[in-house]
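Residue numbers (this note's numbering): 12 to 320.
Glycine included, C-beta positions come from ideal geometry on N, C-alpha and C.
Predicted model only: the values in this text are computed from it and were never measured.
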Ligand SMILES: [Zn+2]
């Protein structure tokens, strides 16, 4: 082959979008939704317990079964639980597998494709230890066990089952995640104990920063346990989230740091007054509160323990 022939051949190969790449591209587009609907080829191992099926890309320890019994116990706390519903949980021990299925939610510990087919995808799990391996590559500590993650994601299915696809998609995050944690967390959450952290706008009370849903769980716990709404009323009712001004409160704290120690005493009194008024105002309704039967201010204002600052 002469040099000239080689260069001609190279030219011939140059077109980027030949029919093969185009076909592969289109196949990819068709394949992705197909795998979303039928992910089983990636998950060779499976275990079934009552209405929960667990699939995994690695062998499943029999120690999963007592965990699933705990999941069922937690779900039974919810009147939305329906044993006729079939739940499918896919444990992705490979990072790429979770990223592939979780897609835009790949930073999460687990996702529920509630709007599609209610399939649940979880990150790598240490079943014997009842733990999920978080995005950082280490075990998610504390109360957020594997049982918690499975239960939390299944509650999203219960919500979707109640509200339908559109209703579920329109559900505000504080209701969706707050109720999922209300059911899925163990009973360590005590409303009164969480209030101080809420009032001082603690780090863990900011879902966007901490990744935790404690603030949302607090709202939901308030409505269900203190106001005695049913989960159906809470989820379907038009209840506005109490307005909060996170930046405002944090801004005050930051400004306080700039002051010298002499002035900080008087300033901190001022700051405390502003902070408490901020917290107070955060409990007041936004102007567009739409609730027909239920508004936060009336409910909250009637309970002095909630406002005690
Ligand atoms: Zn969730």
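query = Taking the C-alpha atoms as reference points, what is the distance between residue 229 and residue 205?
reply = 7 Å
query = Cβ atoms of residue 167 and residue 123: under 7 Å apart, would you say?
reply = yes
ask   = Can you check whether the CB of residue 142 is closer than 7 Å to the CB of residue 120?
value = no
ask   = Which runs of the beta strand (DSSP E) spanning at least 3 residues fall entirely within the region 51 to 96, listed in chain order?
value = 56 to 60 and 63 to 67
key: Contained alpha helix (DSSP H) runs [length at least 4] in the region 183 to 226, N- to C-terminal order   = 184 to 195, 202 to 210 and 218 to 221
message = Taking 6 Å as the cut-off, is the beta-carbon of residue 150 closer than that to any non-hydrogen atom of ligand 1?
response = no
ask   = Is residue 203 near residue 231, with beta carbons less than 7 Å apart?
value = no
Range of the contiguous alpha helix (DSSP H) that encloses residue 109 = 106 to 113
query = Cβ-heavy atom distance between residue 191 and ligand 1 below 6 Å?
reply = yes
request  = State yes or no: is the C-beta of residue 170 nearer than 6 Å to some heavy atom of ligand 2?
outcome  = In terms of ligand content, the structure shown lacks ligand 2 and carries ligand 1 instead.
query = From which residue to which residue does the beta strand (DSSP E) around residue 131 run?
reply = 130 to 133
key: Distance, residue 71 Cα to residue 160 Cα   = 17 Å
inquiry  = Less than 7 Å between the C-beta atoms of residue 132 and residue 113, yes or no?
reply    = yes
ask   = By a C-beta neighbour count over all protein chains shown, 10 Å radius and 16 as the cutoff for buried, is residue 224 buried or exposed?
value = buried
Reduced DSSP category for residue 249 - H, G, I as helix; E, B as strand; rest coil = coil
key: Beta-ladder partner(s) of residue 143, from DSSP   = 136
ask   = Grouping DSSP H, G and I as helix and E and B as strand, with all else coil, what is residue 29?
value = coil
inquiry  = Bridge partners for residue 102 per DSSP, in chain order?
reply    = 67 and 133
key: CA-to-CA distance, residue 41 to residue 28, given in whole angstroms   = 18 Å
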